[in-house]
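Residue numbers (our numbering): 1 to 457. Even for Gly, the Cβ is constructed at its ideal location relative to N, Cα and C.
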Amino acid sequence: MRLLFKGGTVVTGKGPRRADILVEGEKILDVCRDIPAIGAQVVDVTGMLLFPGFIDAHTHFDLDVCNTTTADDFASGSRAALRGGTTTIIDFACPNKGETLHDGLRLWHKKADGKCACDYGFHMTIDDWNETIEREIDDMYAEGISSFKMYMTYPAMMIGDEAMYKALKKLKEKGGICGVHCENAGVIDALIAEKKVAGENGVHCHPETRPDIMEAEAVGRLLRIAEQVDVPVVIVHTTNIEALDEIANARWRGQKVFVETCPQYLVLDDSVYYNEDWLQAAKYVCSPPIRKPADREALWRAIRRGEVQTVSTDHCSFTTQQKLAGRDDFTAIPGGIPGVETRGELIYTFGVAKKKIGLGAMCRVLAENPAKLYGLFPRKGVLAPGSDADIVVYDPNADHVIRAEDMVGAADYNPYEGVVTKGSIRQVWLRGKPAVSSGKVLAGPDGKYLPRGKCQL
Ligand code: URP
Ligand code: ZN
Ligand code: ZN
Numbered sequence: 001m002r003l004l005f006k007g008g009t010v011v012t013g014k015g016p017r018r019a020d021i022l023v024e025g026e027k028i029l030d031v032c033r034d035i036p037a038i039g040a041q042v043v044d045v046t047g048m049l050l051f052p053g054f055i056d057a058h059t060h061f062d063l064d065v066c067n068t069t070t071a072d073d074f075a076s077g078s079r080a081a082l083r084g085g086t087t088t089i090i091d092f093a094c095p096n097k098g099e100t101l102h103d104g105l106r107l108w109h110k111k112a113d114g115k116c117a118c119d120y121g122f123h124m125t126i127d128d129w130n131e132t133i134e135r136e137i138d139d140m141y142a143e144g145i146s147s148f149k150m151y152m153t154y155p156a157m158m159i160g161d162e163a164m165y166k167a168l169k170k171l172k173e174k175g176g177i178c179g180v181h182c183e184n185a186g187v188i189d190a191l192i193a194e195k196k197v198a199g200e201n202g203v204h205c206h207p208e209t210r211p212d213i214m215e216a217e218a219v220g221r222l223l224r225i226a227e228q229v230d231v232p233v234v235i236v237h238t239t240n241i242e243a244l245d246e247i248a249n250a251r252w253r254g255q256k257v258f259v260e261t262c263p264q265y266l267v268l269d270d271s272v273y274y275n276e277d278w279l280q281a282a283k284y285v286c287s288p289p290i291r292k293p294a295d296r297e298a299l300w301r302a303i304r305r306g307e308v309q310t311v312s313t314d315h316c317s318f319t320t321q322q323k324l325a326g327r328d329d330f331t332a333i334p335g336g337i338p339g340v341e342t343r344g345e346l347i348y349t350f351g352v353a354k355k356k357i358g359l360g361a362m363c364r365v366l367a368e369n370p371a372k373l374y375g376l377f378p379r380k381g382v383l384a385p386g387s388d389a390d391i392v393v394y395d396p397n398a399d400h401v402i403r404a405e406d407m408v409g410a411a412d413y414n415p416y417e418g419v420v421t422k423g424s425i426r427q428v429w430l431r432g433k434p435a436v437s438s439g440k441v442l443a444g445p446d447g448k449y450l451p452r453g454k455c456q457l
């Protein structure tokens, strides 16, 4: 069956242009002006913006963390993703401590296969380094895992400088890419101990014990280790000016560095942690924490200049009940916030509509760059002949109010409650099939696992 998306404006990384899109089955056949409707069912998209299906390269679905499990599993999380225009997610597979990468991969397939409504892939977490893991890295490529993740904080997952150096050497040999969570674990521990001695336990202790400069220190250290190895790395969930300065310095030295940020760092600021209502403040606990308005502006500027390549969500959702686990100990508040359902509309509203970035940049950070960075391009990330027919139909005039009660994700709150969006997602198509229409998720658990190739950025 052929579908003709007629009358819309197609957005690519280069910007918008008037064009129709002809789809046959799961693939795009043609993208050009005035395609005749012969033998095709017409989808009238007059006045609409058509984006390639968004890719969220940073989700945590069905993750055991802080003695609990994230509210969203692959079923609810992927439905929420589709509703937010995301047709592909890349989640972080995470072996249990002491288990192999193969165990981790099997576990993640068990969590996702047959449940995920959007297409999906996995990054693999490296939380240790030994000969077995080194051998397994080769196997991961054969399984379509071409990207990895390391943590410089979190006792359960963190990896030291020596192991990080060795892992990066191996990834260089394979042409792989690694995302790294950069925060200085030792200083965070010391600052937490100081708060406890002082008898302080408010949610504000969370940002105060994870300062921007200690994120920047870890970014700088990672980048020096990457320089020693001579390998590109991805700085995930970058939040602040000091960290951006470290990245600029490394680039000035000639290093290739990829940078991700997230909507919470572009839209919110750290005043959320100073709400007198404990639960309201706890809802925003995530690591690294949300920073100052000046950091937010620096991140937008960096997107505009092409210094930030991707905006992912770090979707790691908990209910308010789960957040309450940290009522008597701020370090026990499960870290992470929902985001997968609102990313596209927030970037349009706070970025494009406020003229901080153009449509081309929006397309690059939400679709084209993650597809290239994580080896999915041109199957994903672009509306072009031969690509999957993953299409987001965005109505720039249909503003709406973000409300938790309207969300399909499993968290019972939304960090952006009450925000009036500029425009909204009217339809989402996944491989030529309607996946979302006027806010209703139509897709079943038919997402495909996507084996991925090498970085193309
Ligand atoms: O607080 C957060 N961001 N939780 C998710 C895990 C991570 O650090 O990416
Ligand atoms: Zn992280
Ligand atoms: Zn994360």
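Using the Cβ count rule (16 or more neighbours within 10 Å means buried), how would you classify I213? Per the 10 Å Cβ criterion, exposed.
Candidates A117, M1, M140, of which the one nearest G453 by Cα: Selected option, being the one with the closest Cα: M140.
For A167, which of M124, V197, D189 has the nearest alpha-carbon? M124
Residues passing the C-beta test against ligand 2 heavy atoms, cut-off 7 Å: Ordered along the chain, the selected set is Y151, H181, V236, H237, S287, D314.
Which term fits Q228, buried or exposed, when burial requires 16 or more other beta carbons within 10 angstroms of its beta carbon? exposed
Helix, strand or coil: how does DSSP classify L359 here? helix
In angstroms, rounded to a whole number, what distance separates the CA positions of R304 and I357? 6 Å
Look at the alpha carbon of H400 and the alpha carbon of N369, and state the distance between them as a whole number of angstroms. Taking the straight line joining both Cα atoms gives about 28 Å.
8 Å Cβ shell around D127 - same chain, five flanking residues per side excluded: Once the five neighbours on either side are set aside, the close Cβ partners of D127 are C94, P95, K97, M150, Y151, A156, M157, M158, I159.
Would you check if the distance between the CB atom of V419 and the CB atom of I402 is smaller than 7 Å? yes
Say whether the stretch 333-341 touches the stretch 292-309, bearing in mind that this needs 3 or more beta-carbon pairs closer than 8 Å, one atom from each stretch. no
Take D390 as the anchor and find which of A443, I347, N130 has the nearest alpha-carbon. The candidate whose alpha carbon is nearest that of D390 is A443.
Under 6 Å from any heavy atom of ligand 1, does the C-beta of C118 make it? no
Neighbour-count burial assignment, S312, 16 or more Cβ in a 10 Å radius: Counting Cβ neighbours within 10 Å, S312 comes out buried, since at least 16 surround it.
To the nearest angstrom, how far is the alpha carbon of I35 from that of I225? 52 Å
On the CB-based measure, 16 or more other CB atoms within 10 Å of its CB, does N414 come out buried or exposed? buried
C316 Cβ short of 6 Å to ligand 1 heavy atom set: Result yes, Cβ under 6 Å from ligand 1.
What residues are listed by DSSP as bridge partners for C178? F148
Decide if G254 is buried, meaning its Cβ has at least 16 other Cβ atoms within 10 Å, or exposed. exposed
Excluding the five sequence neighbours on either side, which residues of its own chain have a C-beta within less than 8 Å of the C-beta of T458, listed in chain order? Outside the displayed span of the chain (1 to 457) sits residue 458, for which this structure offers no information.
Q41 - DSSP class collapsed to helix/strand/coil: strand
Note down the Cα distance separating A243 from R301, rounded to an integer number of angstroms. In this structure, the alpha-carbon of A243 lies about 14 Å from that of R301.
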